[in-house]
Every structure is written in structure tokens, then in C-alpha cells.
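In terms of this note's numbering, the sequence shown opens at residue 436 and continues consecutively.
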Amino acid sequence: LPCYFLPAIKFIVSSVLSVVQGCSEGWMEFMGSCYIHFDERETWTSAEQHCQELNSHLVSISSQEEHEFVKTQVHDYQWIGLNDKDVQNQFRWTDGSPLVRPPSSEILSKLSDDCVLRHLQYDGQWNDVPCNYHLPFTCKSGPECQDVRQQQRSLPC
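What follows is the structure in C-alpha cells.
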């Protein structure tokens, strides 16, 4: 390479290295996602709105490892982002993730209930219940892009 390209290459490498991914303060990182648990009790809809205000959704769970990690955050019950509000028994995650249930998480479905909780006393079993129950909840988001040089972000994470 000609020498006049070196400053440009150094600038590009420096810019790429200055952008890092991470979780905001108070959030916990696990397998590339960020989680925060709230012990305050909310309805399912209020909990999802609270998460959306934090640029996240109620937690979606896509693996047994994630199921076990989320289980460590709660003491009893908690809302998760799974629901069948649109079509009965067609469950979907609020964040649009594909529905991949961990083996130990069969959904105990009732005919008229639309929102899903995890019940820790039954090994984190999922159960659909009325959405107006007031339960603790966990939010999940992707990692944040942070420019460690505090400059305007111009590169995607």
C-alpha cells in the first residue's frame, strides 16, 4: 500500500474500535442481550409499556440457557413477553422473536387467558393467565452502541 493510505486506514481502525456494545447501567448482559428485572407489580400491558419506554420488550426466551438465566432473576412469578392476544393459542413474543420454547417450558393454556407468566415454584413453567394480574417483570433489549470517545455515532453496531 502506498504511504498516503496509512492515515486513512488508521482513522478507520480507530473509529471501528471506538464503538463498543454493552448494556446500560443497571442492566445485566447474557448471551448478547441486556436484561433488567423489576419487582414492582404491573399488569402485563403496563409492564410491556414500561419496557418499551426503556427501548426494550418484556423478556423473550429462546433457549434453555436463557430460560435458566432469567429464572435466577425472580423469586416467584413474573411476566414474560409471550401472549396470544391476537389469536387464541397462537402465542407470539412482543419483540417479534420466533417462538422456540425450552424443553422444560410447556405452556399451560386456559381458553380465555392471553398473557404468559413464568412460575418459579414449578421450575419456571409457563402459564397463560389474565393480563390484569399484577406481577413483577423482566425487560430484554439488544446491546447499546456506545462511542467510547463520546463522539457522534456514525458506525452501526
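Don't be surprised by glycine CBs; every beta carbon is placed ideally from N, CA and C.
If you measure between the beta carbons of residue i and residue j, is that distance less than 8 Å?
i, j, result
"W607", "C566", "One cannot answer for residue 607 here, as it falls past the ends of the chain, which runs 436 to 592."
"W514", "L493", "yes"
"Y512", "P571", "yes"
"V522", "H472", "no"
"Q550", "N518", "It is Cys, not Gln, that sits at residue 550 in the sequence shown. Yes; because the gap between Cβ atoms is below 8 Å, this pair is in contact."
"E576", "S481", "The question names Glu, yet the displayed sequence has Ser at residue 576. No, these two residues do not count as a Cβ contact at 8 Å."
"R476", "H554", "no"
"E483", "G457", "no"
Out of the options, state which residue places its alpha-carbon closest to the alpha-carbon of residue i.
i, options, result
"F504", "C458, C550, N524 and C469", "C469"
"M466", "E475, D530, Q499 and E460", "Q499"
"D530", "S459, C458, S495 and E460", "S495"
"K520", "V564, S459 and E460", "V564"
"L489", "S497, L552 and E460", "E460"
"S547", "Q525, T507 and E501", "Q525"
In this structure, how does DSSP classify residue i when only helix, strand and coil are distinguished?
i, result
"Q525", "coil"
"Q508", "coil"
"E460", "coil"
Within the continuous beta strand (DSSP E) that includes residue i, where are the two ends?
i, result
"T435", "The displayed coordinates of the chain run from 436 to 592. Any statement about residue 435 would go beyond what the structure contains."
"L552", "C550 to H554"
"N567", "Segment: none, N567 is in no beta strand (DSSP E) and carries neither H nor E."
Within the continuous alpha helix (DSSP H) that includes residue i, where are the two ends?
i, result
"S468", "Note, S468: premise wrong, no alpha helix (DSSP H); beta strand (DSSP E) at S468 to E477."
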